[in-house]
Amino acid sequence: GAGVSQSPRYKVAKRGQDVALRCDPISGHVSLFWYQQALGQGPEFLTYFQNEAQLDKSGLPSDRFFAERPEGSVSTLKIQRTQQEDSAVYLCASSFRQSSYEQYFGPGTRLTVT
Amino acid sequence: DAKTTQPTSMDCAEGRAANLPCNHSTISGNEYVYWYRQIHSQGPQYIIHGLKNNETNEMASLIITEDRKSSTLILPHATLRDTAVYYCIVGSSGGYNKLIFGAGTRLAVHP
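So the sequence lines, in the order shown, correspond to chains A and B. Oh and the first sequence: position 48 is 37 in our numbering, straight run, nothing missing. Oh and the second sequence: position 19 is 149 in our numbering, straight run, nothing missing.
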């Protein structure tokens, strides 16, 4: 079956532009996570949704980062006024239920801010 | 969440077993050990998890020491496609499972 998909796969933004990154989780998955992965490092947690509710946004680095999942399926991560330090791969993961052990990751969106 | 320590890199010959160690000396009683791997330019992939007993699935085996302070992921017959960064993660089973990744072990499988 279809896995987690993310779009676009690559995004180049000029400093100061706003960007929106999309995640399509596996159908029926309740939990959705966003992670940020800088070059050469492991992924870092950004935020967590259970259905449409954002239960944890403790990892969002600044108020320029905003995530939503209005209907409990597709999610969008928005970054306003991008900065060079926002350059990273943004990974989305979903799992069947809140207590699931296994998260299914998408391929990520590579954001480059010039 | 408990922190983990892994070697930065390891090599393995194709067809041989790859044994990847992980130290998690501050693990608490209700925390699981999870292993994920990340092949270049892909998202991480779940491999296996365990609490205190050894576990085996179609991908790998997980050996956890009796004191639970360390574990070893075993790929019994490594192939070139197993070249990846392997992450050992400790996390609670309660609530949602926010994964805290470290730097992982870069495993290179060579012919």
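Beta carbons are placed, not taken as given, at the ideal position from N, Cα and C, and that holds for glycine. All values reported here derive from a predicted model rather than from experimental measurement.
Candidates the options, of which the one nearest residue i by Cα
| i | options | result |
| --- | --- | --- |
| S185/B | S155/B, C142/B and L205/B | Checking the sequence shown, residue 185/B turns out to be Glu, not Ser. Looking at the Cα atoms, L205/B is the closest of the given residues. |
| Y217/B | D197/B, P241/B, H179/B and E196/B | H179/B |
| F34/A | A238/B, G232/B and V239/B | G232/B |
| P50/A | V63/A, N40/A and K67/A | K67/A |
| V19/A | L28/A, R99/A, D13/A and S62/A | S62/A |
| K0/A | F54/A, G95/A, R11/A and G31/A | R11/A |
| A148/B | A214/B, V215/B, H207/B and G234/B | H207/B |
| L228/B | Q25/A, A9/A and R4/A | It should be pointed out that residue 228/B corresponds to Lys in this sequence rather than to Leu. It is Q25/A whose Cα lies nearest to the Cα of K228/B. |
Distance CB(residue i)-CB(residue j) smaller than 8 Å
| i | j | result |
| --- | --- | --- |
| I177/B | L203/B | yes |
| S83/A | L21/A | yes |
| Q43/A | A56/A | yes |
| G221/B | Y166/B | no |
| E161/B | P241/B | no |
| L192/B | S201/B | yes |
| Q136/B | T235/B | yes |
| I169/B | A214/B | yes |
Classification of residue i by the beta-carbon crowding that lies within 10 angstroms, buried from 16 upward
| i | result |
| --- | --- |
| E60/A | exposed |
| P(-3)/A | exposed |
| D197/B | exposed |
N- and C-terminal bounds of the beta strand (DSSP E) containing residue i
| i | result |
| --- | --- |
| H240/B | T235 to H240 |
| L229/B | Run containing L229/B: none; DSSP gives neither H nor E here. |
| A208/B | Taken as a continuous stretch (DSSP letters only), A208/B belongs to no beta strand (DSSP E), as it is neither H nor E. |
| L49/A | That residue, L49/A, is in no beta strand (DSSP E); it is neither H nor E in DSSP. |
| E33/A | E33 to Q39 |
| T65/A | S64 to I68 |
| A(-9)/A | No beta strand (DSSP E) holds A(-9)/A; DSSP gives it neither H nor E. |
Problem set entry | Length-filtered (3 minimum) beta strand (DSSP E) runs lying within the region -5 to 29 of chain A | -1 to 2, 8 to 13 and 20 to 26
For this session: Starting from the N-terminal side, write out each stretch of the beta strand (DSSP E) that is 3 residues or longer and does not extend beyond the region 131 to 196 of chain B.
Result: 139 to 143, 148 to 153, 161 to 168, 175 to 180 and 191 to 194
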